[in-house]
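Residue numbers (the working numbering): 514 to 665. Below is one structure, written out as structure tokens; the observations come after it.
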């Protein structure tokens, strides 16, 4: 199976297990996700004067109050403690074209409403035009994260 991440092409022949390669790939993905913040609830973020999340690399990422207010209008108040922000846009090797996953009831609800789509479920796929529209509307409350599955 081929895995391509950031120009790195690793070939796994006929499902052969290669722990060194697996470890290399996992470290690469971990490094690519160093910017991904620890997610916080909408409820928590709305209480702050200057809301932010902290990346795994220790840097603060400030979140737009306008975006939080938009999300608070979409998500029922009783769910504010359950939705975690930023919404992760999961990039994987599953797709042959530019696409990603969004997971979670409330997260999907927000994405559907912002994009005006009829996709439903706890997990939805977004394609490049939708990704671009979403990121334009919610640049601080959405975040790319990279995922891979190692098949043996």
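Here a beta-carbon is modelled for each residue, glycine too, at the ideal position from N, C-alpha and C.
For residue i, name the three-state secondary structure that DSSP assigns.
i           : result
residue 655 : strand
residue 553 : strand
residue 609 : coil
residue 665 : Only weak support exists for where residue 665 lies, its pLDDT of 48 falling under 50; the value from the coordinates is given anyway. Residue 665: coil per DSSP, three-state reduction.
residue 600 : strand
residue 573 : strand
Would you check if the distance between the CB atom of residue i and the CB atom of residue j is smaller than 8 Å?
i           : j           : result
residue 655 : residue 575 : no
residue 650 : residue 636 : no
residue 623 : residue 590 : no
residue 549 : residue 568 : yes
From what residue to what residue does the beta strand (DSSP E) around residue i run?
i           : result
residue 637 : 636-640
residue 565 : 565-567
Apart from the five residues just before and just after residue i, which ones in its own chain have a Cβ nearer than 7 Å to its Cβ?
i           : result
residue 533 : none
residue 558 : 564, 576, 581, 598
residue 646 : 628
residue 573 : 565, 567
residue 648 : 655
Could you please give the first and the last residue of the uninterrupted alpha helix (DSSP H) stretch that includes residue i?
i           : result
residue 622 : 618-628
residue 591 : Here residue 591 belongs to no alpha helix (DSSP H), and DSSP marks it neither H nor E.
Excluding the 5 residues preceding and the 5 following residue i in the sequence, name in chain order all residues of the same chain whose CB lies nearer than 6 Å to its CB.
i           : result
residue 526 : Residue confidence for residue 526 is low, a pLDDT of 40 falling below 50, so the modelled location carries little weight and cannot support an answer.
residue 582 : none
residue 643 : 628
Near residue i, what residues of its chain come up, given a Cβ to Cβ distance below 8 Å and the 5 sequence neighbours on each side ignored?
i           : result
residue 604 : 613, 657, 658, 659, 660
Note to self: Three Cβ pairs or more, each shorter than 8 Å: is that satisfied between the stretch 547-560 and the stretch 585-602?
What the structure shows: A contact exists between the stretch 547-560 and the stretch 585-602.
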